[in-house]
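Q: Residue numbers (full-length UniProt numbering): 1 to 462.
Here it is as structure tokens:
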């Protein structure tokens, strides 16, 4: 009779546990493992709980009957409830998407935002300056060569391009002020790719830097004899130039030197067979140093010189023979990026090493939609005198700006006294009365240099 009463009771437990197991499992069309199906788990748990053994036990159980007796019902109930609880908690986590059904090692694979394909470990890539997204170089638009922005950012800023450019120029100026803050001789090189149409941008950039740049060297100025020095002059700087001499565009070197520095041109170090420009920086109470700027045309150019490295080595050796520190800058069109050395790159690296020079620039300086190369270099034969070096994107061309700071307290020019007229107390009626008092007939008949005297005397009384 007792067994007849226990059967409906345990059947009810079976159905309740089965419903609980199914209700906590997420609704899916398919499951990874058949054993994890809610019906299978629910039935297994419920049957384990409701398993009945009907044994006609004797009044005094023997050892054999004690060994074969079933687990007490209350113990089985507690264990089953724990199992159901754990099962429900796991399935709640699965519903919340907090865990993975099949966890494994996490691989941080970069995905190109243009083609939505993964970027391989060895594939060329570039980062957008605005949104910081990473793209394949081949997926970037041609506008990336100058703006360093992906297609989405370039299109987005096109409607308000003037304001964005002003903001970016301000950002570049702020970064340069942070870098050039403090003492030292600031030396910069930029492949400008035609100076004349960009002279206003260059003037604005140089004037915006609070700690003035001392030497601003340029390659590919593309200047000819038809362009006067006054057309590319910058206030506060002296311009030294060496044009290619051809009427065709291309090539050419230039150096803007701050007027406070004592600098002399070293024509004796310049080679006639290659594009090179040398200056010597002198200081009154310390030893000066030599600065050489070079440009080697690419192999595709008809101005490419197979003997460039030989002439470059001769020029550098001649400079070293002066027993002075030497700093070399320029665009050598040899890719020195890690893992990208070709024949010319290896030759240049070997030449610099044999002459005792250390190449300071380690980042790529020209990024296009197809390549990322390290072409613009700075090398010195006395690295301990260089406090800082690096790469900046000044948006002057498709080449980045490279810089270094030489340790030295550069003497600034003494203060200048300037006279000016203050019009705060200007009285128009008094000024007109003074002009009426001038004998204009006498002024017109006087010698020309004396004419302005009366006019200036009136203006000075304002």
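Using N, Cα and C, we set each Cβ at its ideal position, and we do this for glycine too.
Note that the coordinates shown come from a computational prediction; the quantities given were computed from them, not determined experimentally.
Given residue 176, which residues of its chain have a CB within under 7 Å of its CB, disregarding the five upstream and five downstream residues?
A: Taken in chain order, the residues that qualify are 209 and 392.
Q: Tell me whether residue 5 is buried or exposed, calling it buried when 16 or more other Cβ atoms sit within 10 Å of its Cβ.
A: Bear in mind that a pLDDT of 48 at residue 5, under 50, signals an unreliable position, so the model cannot answer this.
Q: Are at least three pairs of beta-carbons, each pair with one atom in the region 110-117 and one in the region 345-357, less than 8 Å apart?
A: With a cut-off of 8 Å, the region 345-357 and the region 110-117 do not count as touching, because too few Cβ pairs lie within range.
Q: When burial is assigned at 16 or more other CB atoms within 10 Å of the CB, is residue 404 buried or exposed?
A: Label assigned to residue 404: buried.
Q: How big is the Cα-Cα spacing for residue 82 and residue 140?
A: In a straight line, the C-alpha of residue 82 is about 57 Å away from that of residue 140.
Q: How big is the Cα-Cα spacing for residue 199 and residue 253?
A: Cα to Cα, residue 199 sits roughly 14 Å from residue 253.
Q: Relative to the C-alpha of residue 259, which residue among 340, 334, 366 and 213 is closest?
A: It is 213 whose Cα lies nearest to the Cα of residue 259.
Q: Which of the three DSSP states is assigned to residue 278 in this structure?
A: Note: residue 278 maps to strand in three-state DSSP.
Q: How many angstroms separate the CA atom of residue 368 from the CA atom of residue 220?
A: Going by the C-alpha atoms only, they are around 18 Å apart.
Q: Would you mind reading off the limits of the alpha helix (DSSP H) that contains residue 325?
A: Note, residue 325: premise wrong, no alpha helix (DSSP H); beta strand (DSSP E) at 325-331.
Q: Let me check understanding here. Comparing Cα to Cα, which of 76, 270, 234 and 387 lies closest to residue 181?
A: Measuring from the Cα of residue 181, the nearest candidate turns out to be 387.
Q: Excluding sequence positions up to five away, which residues of its chain have a Cβ less than 7 Å from the Cβ of residue 342?
A: Counting only Cβ-Cβ distances below 7 Å, and skipping sequence neighbours, we find 335.
Q: Mind checking whether residue 333 and residue 359 have CB atoms under 8 Å apart?
A: Not a contact, by the Cβ cut-off of 8 Å.
Q: If you run the structure through DSSP and keep just helix, strand and coil, what is residue 390?
A: It is a strand residue.
Q: Starting from the C-beta of residue 271, find all residues in its chain whose C-beta is less than 8 Å away, skip the five residues before and the five after it, and write them out in chain order.
A: The residues are 311, 312, 314 and 315.
Q: Mind checking which residues open and close the alpha helix (DSSP H) that includes residue 363?
A: Residue 363 -> no alpha helix (DSSP H), and no H or E assigned at all.
Q: Look up residue 376 in the DSSP assignment and say whether it is helix, strand or coil.
A: DSSP places residue 376 in strand when its eight states are reduced to three.
Q: Where does residue 72 fall in DSSP's three states?
A: Here residue 72 sits in coil by DSSP.
Q: When the Cα atoms are used, what is the spatial distance from residue 444 to residue 433?
A: Each residue's alpha carbon lies about 19 Å from the other.
Q: Looking only at C-alpha atoms, which of 257, 250, 225 and 246 sits nearest to residue 238?
A: Considering only alpha carbons, the answer is 257.
Q: DSSP state of residue 402, grouped into three classes?
A: The answer is strand: DSSP assigns residue 402 an E or B state.
Q: If distances are taken between C-alpha atoms only, which option among 273, 251 and 211 comes closest to residue 193?
A: Considering only alpha carbons, the answer is 251.
Q: Under a three-way DSSP split, which group does residue 126 fall into?
A: Note: residue 126 maps to strand in three-state DSSP.
Q: Given residue 160, which residues of its chain have a CB within under 7 Å of its CB, disregarding the five upstream and five downstream residues?
A: The predicted model places residue 160 with a pLDDT of 43, which falls under 50 and marks its position as unreliable; any figure quoted below should be read in that light. For residue 160, where only same-chain residues beyond five positions count, there are no Cβ hits under 7 Å.
Q: For residue 190, which beta-bridge partners are listed by DSSP?
A: DSSP, once it has assigned bridges, lists 218 as partnering residue 190.
Q: DSSP state of residue 55, grouped into three classes?
A: Only weak support is given to the placement of residue 55: the predicted model assigns it a pLDDT of 44, under 50, and the value that follows is read from those uncertain coordinates. DSSP places residue 55 in coil when its eight states are reduced to three.
Q: Buried or exposed: residue 278, going by 16 or more other Cβ atoms within 10 Å of its Cβ?
A: Residue 278 should be labelled buried.
Q: Going by the CB atoms, is the gap between residue 223 and residue 243 shorter than 8 Å?
A: A contact, by the Cβ cut-off of 8 Å.
Q: Between the alpha carbons of residue 87 and residue 79, how many angstroms are there, rounded?
A: Distance between the alpha carbons of residue 87 and residue 79: 12 Å.
Q: Sorted by chain position, which residues of the same chain lie with C-beta nearer than 8 Å to residue 337's C-beta, five sequence neighbours on each side aside?
A: Around residue 337: 364, 372, 373 and 374.
Q: DSSP beta-bridge partners for residue 257?
A: Answer by DSSP bridge pairing, in chain order: 215 and 238.
Q: Just to confirm the assignment: which complete beta strand (DSSP E) runs, minimum length 3, are found wholly within the region 279-357?
A: Segments of the beta strand (DSSP E) lying fully in the region 279-357: 286-295 and 325-331.
Q: Considering only DSSP beta bridges, list what residue 181 is partnered with.
A: In the DSSP output, where bridge partners are listed per residue, residue 181 has none listed.
Q: Classify residue 249 as buried or exposed, calling it buried when 16 or more other Cβ atoms lie within 10 Å of its own Cβ.
A: That one is exposed.
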